[in-house]
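First up is the structure itself, then whatever we jot down about it.
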Amino acid sequence: RELTGQDLNKAADWKTWWEGNKKTFDAKKVQPNRGIGETVMREAPKLFGKEVLSKRVVFILDVSGSMLIKDMPGEVGHRGMRIDPDNDGWEAAPDDRMRMFRLKEAMKACITALPEDTKFTIILFSNGASPWQAELVPASAKVKAEAVEWFDSVTPKGFTWTDTALESAFAVPDAET
């Protein structure tokens, strides 16, 4: 069963199966033949290395002006440096070091990996809070694509006011995380 993915009980059944499959059989492509009710383990989506295990989640994301900062890694044993948009060298620093760029990439990967039995929404904050959806929505392929497209169009600006974002998140009905 582990080698072929087949769950056959009699030698004659195995022989018949093998005769029909030996020319095209590739053990590397075998999908396990799971029994009824067997659990299939899947890797949970992650956001910056943290697993998103909840089935009802609100993502609260900072889109304030500080997300324009580019964080440059330091050498081993040394602290990196941050480059603000109004500093010399900001334009020359790679865009993939910008906080907003890294957040967008991480969110795209996380949202697209959400299982379809998950419900979610996104709340952005800077000077205030802006929800993508007022309620949790099912993570269908269409909805996830809409969320990614919406978030990808966001431009950082303003100050960092976390209290309004948290109040908005706690007001989302049925959210657990």
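Residue numbering for the sequence shown follows the numbering used here, starting at 24 and increasing by one per position. We treat Cβ as the ideally placed atom computed from N, Cα and C, and that holds for glycine.
Whole-Å CB distance - residue i paired with residue j, under 8 Å assumed
i, j, result
"M130", "L91", "Actually they are not in contact, since the Cβ atoms of M130 and L91 sit about 17 Å apart, beyond 8 Å."
"L159", "F143", "6 Å"
Whether residue i touches residue j by CB criterion (7 Å)
i, j, result
"R120", "M104", "no"
"V177", "V81", "no"
"V171", "I134", "yes"
"W173", "W155", "yes"
"A198", "F148", "no"
"Q29", "W40", "yes"
Cut-off 7 Å between Cβ atoms - residues of its own chain near residue i, not counting five sequence neighbours on either side
i, result
"G112", "I106"
"P179", "V86, S87, G88, M90, L91 and M123"
"K127", "F174 and D175"
"L76", "A67"
Neighbourhood of residue i by C-beta, 6 Å cutoff - its chain only, sequence neighbours within 5 removed
i, result
"L137", "P68 and A162"
"T141", "K78 and A162"
"A192", "V81, I83 and I146"
"L70", "A129 and C133"
In DSSP terms, what residue i is bridged to
i, result
"A136", "Note: A136 sits in no beta bridge, so no partner."
"V160", "F143"
"A152", "F148"
"D85", "F148"
"L70", "K73"
"M121", "K93"
Chain C within 7 Å of residue i, Cβ atoms only
i, result
"K167", "Of the chains in the structure shown, none is chain C; there is only one protein chain."
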